[in-house]
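Using this note's numbering, read the sequence shown as starting at 413 and increasing by one per residue.
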Amino acid sequence: MSIPVLAIIAFIPIAVALVLMVGLRWPATKAMPVAWLTAVLGGVLAWKLPAGYIAALSLQGVITAISVLIIVFGAILILYTLHHSGGMETIQCGFQNISPDPRVQVIIIGYLFAAFIEGAAGFGTPAALAAPLLLSLGFPPLAAAVMCLTFNSFPVSFGAVGTPIVLGLKFLKDLVQQAVQTGTLDVNFTSLESFNMLVGKWASLIHLPLIFLLPIFMLGFMTRFFGPEKSWKPGFRAWKFCVFAAIAFGVPYMFFAWFVGPEFPSLIGGLVGLGIVVWGAKKGIAIPKDSFTFGPQSGWAADWTGSVSVAEDCVFEAKMSQFKAWLPYILIGIILVITRIPELGLKGWLAGVKIPFNSILGYESVSNSIAILYLPGTIPFILVALLTVLIHGMPGGKVGLAWKESFAKMKNPTIALFFAVALVSIFRGSGIADAALNPNNYPSMPLAMAKAVAAIAGQAWPMFASFVGGLGSFITGSNTVSDLLFAEFQWGMASQLALPHQIIVAAQVVGGAMGNMVCIHNIVAVCAVVGLSGMEGPIIRRTFWPFLFYGLVAGIVVTLMSFVFLPGLY
């Protein structure tokens, strides 16, 4: 078969997922198994892969999904433990007393607090946590959902302690090693880890303009579509506070991306930025001089509200001191730093403790492992959740309830991720250089798409690379899975067009992050917590515009990086 035909066949599973989830509004729990089955049929009928080999690849994907799910479970467990201990209500009460201005509140909660939660937990938890908090402050539910979904973008590339890069780019290992051995790259990479470090650096640079521009744009968006004046101007008048917050977040974000690694930029940036901006807001630094409100609820549009009532006044009360409430998150930050810096000695030991799965179903080329102690889901998330029981003095009944609810929340992500990552594994394994397994010596499915698209896009690809990452997140609900799905595709595009690999892969990582704005999973989760179930369509229609804005700015930055400003710095 020709490369264009192979590319069309390779795209069919993605198209199937897109049609089922968007056109027919199927949940991922139903759409992803069908998409996986489509990939299986493509592998058997077009690539002529043995059925046993495809089964082995699918199991390999399930093992990778288990690693992701351990992180998801740990993040959810922390959230429910704090909820039942009273720690979260204490944190919420503290936030509400900082400023009465919704423009200030949404920057502190939706931008900075959510960035910290993304850095520590990821996987959709920031928007699902921050939106109800804004609701309690008097935000229209639709506004709270849209703002939190949109701000959950630039932190996501480094979310869940770098999981989108550390785990999401794992399938580039062979390509990176091959490039090192053949000397085909203009940077002397020594390992996938060093390549990931460079990807994180360039991803942070691509995000940097949006760290400043997005909050200003979104405050204007909020006052235009949810304010009584229906004008962008009240939001834009808070630009000084947006710049103050962007500097407070962006400086540590960039420092850790460039000098430490992809695990910490959002975690530390969010935590440091939150502390600085809360202090500044209390001191009146850069606070808008005018006032803004959403107006009386009687004047709100019908689609702004749902089944959850909007609070007019503070309804939370402190159950403990703010320090005690924040201590679990402080411990998470400390433990992550201690276990992720190689010089401290724990990283190598924890990463070396693995549950191996070698020669799956007898295929020597198909192996995987679970680094059980190095996954942030176990250390620190589950560990800190257990410590929180002692720190907050939780009774056994509430502890059991937190664990029960956390397990209950795992059903849908488990089904969706098992099939999504199994599909990814088939994608990457389809190009194996083994005549017995790949008799036609076809390229892998992502590389087939890369070769076909390269002929169409040409040197304009840097402008559009991030939208591919956004499509991946939109379909799969995860920046990590988007990177697993399309990183090899982006690598192939860079190879075909002689573009810097780390810049194009960084554009993929950035695109996967901005895709959280329109990600079906996140939207469904946020709708559920703010009482807007069934309103997913109106939310997507509103978040599409900031998604497009983000992608265009990112595309311009990637194009300049690739061709103009940095040709000698790759």
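For glycine and all other residues, C-beta sits at the position ideal for the given N, C-alpha and C.
Kindly indicate which three-state DSSP category residue i falls into: helix, strand or coil?
{"i": "residue 824", "result": "helix"}
{"i": "residue 768", "result": "strand"}
{"i": "residue 510", "result": "coil"}
{"i": "residue 757", "result": "coil"}
{"i": "residue 663", "result": "helix"}
{"i": "residue 575", "result": "helix"}
{"i": "residue 655", "result": "helix"}
{"i": "residue 980", "result": "Annotation note: pLDDT 48 at residue 980 (below 50); position unreliable, no value reported."}
{"i": "residue 697", "result": "coil"}
{"i": "residue 931", "result": "coil"}
{"i": "residue 790", "result": "helix"}
{"i": "residue 751", "result": "helix"}
{"i": "residue 712", "result": "coil"}
{"i": "residue 891", "result": "helix"}
{"i": "residue 897", "result": "helix"}
{"i": "residue 650", "result": "coil"}
{"i": "residue 564", "result": "coil"}
{"i": "residue 785", "result": "coil"}
{"i": "residue 559", "result": "helix"}
{"i": "residue 762", "result": "helix"}
{"i": "residue 613", "result": "helix"}
{"i": "residue 729", "result": "coil"}
{"i": "residue 436", "result": "coil"}
{"i": "residue 846", "result": "coil"}
{"i": "residue 853", "result": "coil"}
{"i": "residue 937", "result": "helix"}
{"i": "residue 983", "result": "Since the first residue of the chain shown is 413 and the last is 982, residue 983 is not available in this structure."}
Which residue wins for smallest C-alpha separation from residue i, given the options the options?
{"i": "residue 827", "options": "426, 423, 448, 418", "result": "448"}
{"i": "residue 935", "options": "889, 545, 899", "result": "889"}
{"i": "residue 813", "options": "487, 432, 492, 425", "result": "492"}
{"i": "residue 470", "options": "514, 838, 885, 779", "result": "838"}
{"i": "residue 811", "options": "821, 799, 531", "result": "799"}
{"i": "residue 430", "options": "907, 910, 882", "result": "882"}
{"i": "residue 770", "options": "762, 764, 763, 781", "result": "781"}
{"i": "residue 823", "options": "485, 856, 968", "result": "485"}
{"i": "residue 653", "options": "668, 530, 772, 629", "result": "629"}
{"i": "residue 433", "options": "443, 424, 425", "result": "443"}
{"i": "residue 820", "options": "438, 488, 414", "result": "488"}
{"i": "residue 892", "options": "779, 930, 570", "result": "570"}
{"i": "residue 441", "options": "857, 860, 825, 950", "result": "825"}
{"i": "residue 869", "options": "498, 909, 965, 437", "result": "909"}
{"i": "residue 564", "options": "518, 583, 456, 464", "result": "518"}
Please list the terminal residues of the continuous alpha helix (DSSP H) segment that includes residue i.
{"i": "residue 782", "result": "That residue, residue 782, is in no alpha helix (DSSP H); its beta strand (DSSP E) goes 780–782."}
{"i": "residue 913", "result": "913–926"}
{"i": "residue 640", "result": "Residue 640 -> no alpha helix (DSSP H), and no H or E assigned at all."}
{"i": "residue 464", "result": "463–497"}
{"i": "residue 442", "result": "440–457"}
{"i": "residue 417", "result": "415–430"}
{"i": "residue 530", "result": "526–532"}
{"i": "residue 582", "result": "Run containing residue 582: none; DSSP gives neither H nor E here."}
{"i": "residue 858", "result": "857–869"}
{"i": "residue 963", "result": "948–975"}
{"i": "residue 800", "result": "795–803"}
Measure the CB-CB distance between residue i and residue j and report whether it falls below 8 Å.
{"i": "residue 873", "j": "residue 587", "result": "no"}
{"i": "residue 610", "j": "residue 479", "result": "no"}
{"i": "residue 604", "j": "residue 585", "result": "yes"}
{"i": "residue 941", "j": "residue 540", "result": "yes"}
{"i": "residue 557", "j": "residue 572", "result": "no"}
{"i": "residue 899", "j": "residue 914", "result": "no"}
{"i": "residue 682", "j": "residue 754", "result": "no"}
{"i": "residue 990", "j": "residue 879", "result": "A question about residue 990 goes unanswered here, because the residues of the chain that appear run from 413 up to 982."}
{"i": "residue 618", "j": "residue 970", "result": "yes"}
{"i": "residue 649", "j": "residue 576", "result": "no"}
{"i": "residue 718", "j": "residue 553", "result": "yes"}
{"i": "residue 784", "j": "residue 772", "result": "no"}
{"i": "residue 967", "j": "residue 901", "result": "no"}
{"i": "residue 886", "j": "residue 943", "result": "no"}
Closest Cβ-Cβ distance between residue i and chain D: below 8 Å?
{"i": "residue 748", "result": "Reference to chain D is not applicable here, since this structure consists of a single protein chain."}
(Q) With three or more beta-carbon pairs closer than 8 Å as the criterion, would you say the region 730–740 touches the region 498–515? (A) Per the Cβ contact rule, the region 730–740 is in contact with the region 498–515 (3 or more Cβ pairs under 8 Å).
Q: State whether the region 666–674 contacts the region 507–518, with contact taken as three or more CB pairs (one from each stretch) at a distance under 8 Å.
A: By the criterion of at least three beta-carbon pairs nearer than 8 Å, the region 666–674 is not in contact with the region 507–518.
(Q) Is it the case that the region 709–718 contacts the region 735–751, given that we only count it when at least three CB pairs across the two stretches are under 8 Å? (A) no
**Q.** Contact between the region 650–668 and the region 616–626 (3+ Cβ pairs under 8 Å)
**A.** yes
Q.
Does the contact criterion of 3 or more C-beta pairs under 8 Å hold for the region 818–832 versus the region 439–459?
A. A contact between stretches requires three or more CB pairs, one per stretch, nearer than 8 Å, and the region 818–832 meets this requirement with the region 439–459.
Q: Please confirm if the region 493–502 is in contact with the region 850–870, defined as three or more CB-CB distances below 8 Å between the two stretches.
A: no
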